[in-house]
Amino acid sequence: MEVKTSLLDNMIGVGDMVLLEPLSEDSFLGNLKKRFDHSEIYTYIGSVVISMNPYRSLPIYTPEKVEEYRNRNFYELSPHIYALADEAYRSLRDQDKDQCILITGESGAGKTEASKLVMSYVAAVCGKGHEVNKVKEQLLQSNPVLEAFGNAKTVRNDNSSRFGKYMDIEFDFKGDPLGGVISNYLLEKSRVVKQPRGERNFHVFYQLLSGASDDTLRKLKLDRDFSKYNYLSLDSAAVSGLDDAANFRTVRNAMQIVGFMEDEVQSVLELVAAVLKLGNIEFKPESRCNGTDESRVKDKNDLKEMCELLGIEQSVLERAFSYRTVEAKMEKVSTTLNVAQAYYARDALAKNLYSRLFSWLVTRINESIQAQTKARHKVMGVLDIYGFEIFEDNSFEQFIINYCNEKLQQIFIELTLREEQEEYIREGIEWTNIEYFNNAIICDLIENNQNGILAMLDEECLRPGTVTDETFLDKLNTICADHQHFESRLNKNSKFLNDHSLPHNCFRIQHYAGKVLYRVEGFVDKNNDLLYRDLSQAMYKANHSLIKQLFPEGNPAKVNLKRPLTAGFQFRASVGTLMRNLQTKNPNYIRCIKPNDKKASHIFTDSLVRHQVRYLGLMENVRVRRAGYAFRQPYEPCLERYKMLCKRTWPHWKGPAREGVEVLMADLQIPTEEISYGRSKIFIRNPRTLFFLEEKRKQCLQDLATLIQKIYRGWKCRTHFLLMKKSQIVVAAWYRRYAQQKKYRNIKSATTMVQSYTRGWQARKLLRELKHQKRCEEAVTTIAAFWHGTQVRREYRKFFRANAGKKIYDFTIQRIIQKYFLGLKSSMPSMSPIDRKWPARPYGFLDGVHTELRKIFHHWRCKKYRDQFTEEKKAVYEEKLEASEIFKDKKALYPSSVSQPFKGDYLEISKNPKYQKLNSAVDEKVLLADVVNKINRANGKGTPRIFLLTKKNFVLADQKTGQVKASIPLPDVTSVSVSTQKDGFFALKLKEGSASAVKGDFLLSSEHLIEIITKLHRIGATAADREKLKVDISDEFLVQFKQDKVCVKFIQSSPKNGNSVSCKRKNNRLLEVSVPTSP
């Protein structure tokens, strides 16, 4: 059985403000605060939803919540935005009524999030299927695109919508979405060129610079540094909790889902980059010969890059910034622009370029998401538009925004009253006129075609002569002086002419939400929204595919000399179209409220909320709703909820529900003036009556709960008694069975024990007899064996005594040797050849064997170790062994070379392209390639040379050019001389009389001296046709330089003179090499 619920169940505060008692502004705010403190952010005013921004995530938007509110009555569950969305969707689907959802509130109140929640709920509850899911995804993904280009960070909201959006979602007869159409209103394009302190430009600029790849930014000629662009505010460039890079990727993905082509996305990004470049263009003044001032572009780099992005000739755009052409009939007049006018033209172009791009985006999205079929569609409109704005400095934007809200308030009151009246007529209840404030007089003050403020502003903009904001204010003071909702310092409605809160350049309008002071500065310019024709024509000449579409008026073939429509006229026409559209649909309202200005959760600022409650007209709404009957409910739910209050209707009423409700109310003695009976509903005039019913129901439910508990406890006790009685019988039966079984087992156990004792006595008696018989047989056998042994020993005693000693000795020696080998096996050393451990010998007579076995084992493990070597590794070890034989204990440098492997080709001469020419000059395989220093006898300094060693020659070549300086056959090398120190000097002595010895011997220095000499010695040792190379190790040796012999002497120096080896010429016959001693 389904459990019936109601809005009144478990209610925190009052869920519907219509039921608030007593009704006052303080009690209204107190109820909102109480619900807000308990995370109840939604409250009803009849069918209107009040939404408080919680500034945190709440677990009330899960798929389970969607299913909970799906196909449920509006008042059946606690207040929620899903209830309103479900009511609107079911009315559209089942009753074929077009719906509109109006979401209003000030910036930061959560309007955009509310529209997203409505759309996501409708997407979740409507039909499924590939095409349907595609349409839903496109509708949902249009939001990130429009938010990127139309939202910005303000002081009140990090994601504030700076445009009004109205989306018509179209459905088929089944309630499945077919597509949609988006309308945008009044983009705040002035934000493109200037932002208030603490606010940012539109999101897309920061997202592009933060999230685009380096390649994309390079193509767009942009840099990631925000400070390089004049149009970007720096004090709020980074917003906590806002990831611009991730949002850019989301926007790119959303554009792809919606249906943008890749070239279209690139064109859009180029236009965004062009706006940034446009803001960096600066001007300088120049004086002409006739005395007039003109402007010139300071730095043309940004202008050049912008023209390259848009495909415009630089000279054309530069002239458009410096001159203005005015056409009148057949005449053209060209005038120069001063610096201020040039900056105005630049900013006007930036604003128009961005606003037209935004309008193109909306049109392009509509092309993708619009319904493909032309049959009649059901429509649900969602209006997300700016709320009433009252700032310290209110200008033209706030004026037309508040005008739009006046129109929305007017239609809200009209539609609410009409809905109430229609319901009364439908239910057959007498309708009484309701007194309320009609703000039509304020709307007429603004939009009247003759004397309205917008009409006078347009007239002032079109008037020839000098037009300023002051002349506009003078006209207002003249025409609107008698209007009771208009005030200025010069009209009679301003009672305090010395009141400094009303300056001379301001006027005040008393809106339905309160008085707002408007500063007229900028009204005329913003209403004109003038873009010079020269700039439009320059844009039309661009080769960019999108620019021509955005500036069609720049076409020279279609020159229109008419003045373009003003911003106020266009907005008034758009609002009129919107109002006519809304009046054809069934309205649903969401009023969004911001609880505090700190964007913090759990903070409720009374003054701020009170201000919003006033300008949203919520108290007026409650009074209109309560002017007739505060509560109404269908007869069936009413009877189901309160039937327990009357004995005649409890527990089941057999008859029409209306008759049951009438009997119920008569039994409760409710005054007849408090209730009225409609055709399908009961109407209750005063909330006190409803709360009386609820209190009686609560008391009755407690009594019923007590009765149910009493009956349940009696039933539970009887059931328990019967169960215990049945259990007792079962337990007794089982116990008697158990007692008999136990008695039987005891008797059986005793019988078995007696039998076992008897059988045991018989078995033991037989065992004793068998044991005695066996002992007698064993005794006879033992006596016979002893007798036979005695006979045998007597016969062989002589032979045994003669050979016993030798056998015992041999057996003992055999056992000792066996024990020795087994012990040696268990204590063998490791297989490492350098392990010197060997078990100690246990007996002296095994000394020779012990030593010989140690040698055999060592030779065997050395062979095993050598068998693991590859041929290359064997060669390395052979070289290391030969180096040890040559230098060990002779050269101080040798110990440090032991751990260093002989690499040979240190220059990788075969792989390095630098030495390709040198490698091709050497025919044989290079055994060693290294850089050495050739010592000059004249000054003792070294010159870098490449040293190459093959099996037949060694070659010295220039390190930089690779040119061969000397190629010496190895047979001409007779000996090598080195010192005993840690230096790397060595002398290659050549055979006297050979062709190579013409220039004398070679005195060289190398870090790999040990390896070089070892390889030279090894080549000489392995060659059969030449003698073994002689290695002289001495601290003094002679070197032949051409015809002279020079003595090379090595001395030790202290480390303080330096850690490097130095060679100095002492005289013509002596070179002294200083080798630092080890510290």
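Residue numbers (the working numbering): 2 to 1080.
Every residue gets a Cβ at the ideal spot worked out from N, C-alpha and C, and that includes glycine.
Note that the coordinates shown come from a computational prediction; the quantities given were computed from them, not determined experimentally.
Between the Cα of L187 and the Cα atoms of L854, I402 and Y678, which residue gives the shortest distance?
-> The shortest C-alpha separation from L187 is found at I402.
For the putative contact between S323 and S296, defined by C-beta atoms under 8 angstroms, what is the C-beta separation to the nearest angstrom?
-> 6 angstroms
Please state whether DSSP places F684 in a helix, a strand or coil.
-> Strand at F684.
Three-state secondary structure (DSSP) at N499?
-> The predicted position of N499 is uncertain, since its pLDDT is 49 and thus under 50; no value can be drawn from it.
Would you please state the rounded distance, in angstroms, between the beta carbons of R225 and L210? I believe it to be under 8 angstroms.
-> 5 angstroms
Reference R627; option with closest CA among W654, I685 and L894 = Ranking the options by Cα distance to R627, first place goes to I685.
Length of the line joining the Cα atoms of E306 and P197 | 28 angstroms
Examine the Cβ distances between the stretch 206 to 221 and the stretch 267 to 284 and report whether three or more of them are shorter than 8 angstroms.
-> Output reads yes: the stretch 267 to 284 touches the stretch 206 to 221.
Unbroken stretches of the beta strand (DSSP E), 3 residues or longer, contained in the stretch 67 to 147 | 100 to 105
Among G165, K166, T759 and G181, nearest to F172 - alpha-carbon criterion = G181
Output yes or no for whether 8 angstroms exceeds the beta carbon distance between K586 and D99.
-> yes
Do the stretch 140 to 155 and the stretch 650 to 659 touch if we need at least three Cβ pairs shorter than 8 angstroms?
-> no
Under 8 angstroms Cβ to Cβ from K1031, same chain only, skipping five residues before and after it: list those, please.
-> Excluding sequence positions up to five before and after K1031, its CB lies within less than 8 angstroms of the CB of T975, S976 and V977, all in the same chain and listed in chain order.
Euclidean distance between Cα positions of R867 and T1023 = 22 angstroms
Say the cut is 7 angstroms; is the CB of C1064 nearer than that to a heavy atom of the ligand SAH?
-> The ligand SAH is not part of this structure, which contains no ligands at all.
Expressed to the nearest angstrom, what Euclidean distance is found between the alpha-carbon atoms of H1018 and K1029?
-> 7 angstroms
Flag this pair as touching only if the stretch 1001 to 1019 and the stretch 887 to 904 have three or more C-beta atom pairs under 8 angstroms; answer yes or no.
-> yes
Can at least three beta-carbon pairs, one atom from the stretch 213 to 224 and one from the stretch 601 to 620, be found at a separation below 8 angstroms?
-> no
4-residue-minimum alpha helix (DSSP H) runs that sit fully inside the stretch 297 to 348, ordered along the chain | Within the stretch 297 to 348, the complete alpha helix (DSSP H) runs of at least 4 residues are 301 to 311 and 315 to 323.
Where N937 and E880 are concerned, what is the direct C-alpha to C-alpha distance, given to the nearest angstrom?
-> Each residue's alpha carbon lies about 31 angstroms from the other.
Sufficient close CB pairs (3 or more, under 8 angstroms) joining the stretch 157 to 175 to the stretch 109 to 124 | yes
Within 10 angstroms of the Cβ of C863, are there 16 or more other Cβ atoms? Answer buried if so, exposed if not.
-> Classification of C863: exposed, given that the 10 Å Cβ count is below 16.
Around the C-beta of H81, are 16 or more other C-beta atoms found within 10 angstroms, so that it is buried, or is it exposed?
-> buried
Can you list, in chain order, the residues of its chain whose CB lies under 7 angstroms from that of C639, leaving out five sequence neighbours each side?
-> Cβ contact annotation for C639 (same chain, cutoff 7 angstroms, sequence separation greater than five): V662 and I683, in chain order.
Once you ignore the five residues that flank A922 on each side, which residues in its own chain have a CB closer than 7 angstroms to its CB?
-> V965
Would the beta-carbon of L989 fall within 8 angstroms of that of I947?
-> no
Assign M18 to buried or exposed, taking buried as 16 or more other Cβ atoms, counted over all protein chains shown, within 10 Å of its Cβ.
-> M18 is buried by the Cβ-count criterion.
Reduced DSSP secondary structure (H/G/I, E/B, other) of C1064 | Reduced to three states, the DSSP call for C1064 is strand.
Could you give the DSSP three-state label for P1077: helix, strand or coil?
-> strand
Rounded to whole angstroms, what's the CA-CA distance from V468 to F261? Just pull it up for me.
-> 44 angstroms
I think Q584 touches I442, with their Cβ atoms under 8 angstroms apart; what is that distance to the nearest whole Å?
-> The Cβ separation is near 20 angstroms, so there is no contact.
Outcome for K190 when other beta-carbon atoms lying within 10 angstroms are tallied against a minimum of 16 | K190 sits buried, since 16 or more C-beta atoms from the chains shown fall within 10 Å of its C-beta.
Endpoints, alpha helix (DSSP H) assigned at D623 = Sequence check: residue 623 is Val here, not Asp. Where V623 is concerned, the enclosing alpha helix (DSSP H) stretches over L619 to R627.
Same chain only: Cβ atoms within 7 angstroms of P588, ignoring 5 sequence neighbours per side = C101, L103 and L416
Going by the CB atoms, is the gap between Q410 and N449 shorter than 8 angstroms?
-> no
Would a C-beta distance cut-off of 8 angstroms place L929 and G905 closer than the cut-off?
-> It is a contact, given that the beta carbons lie within the stated cut-off.
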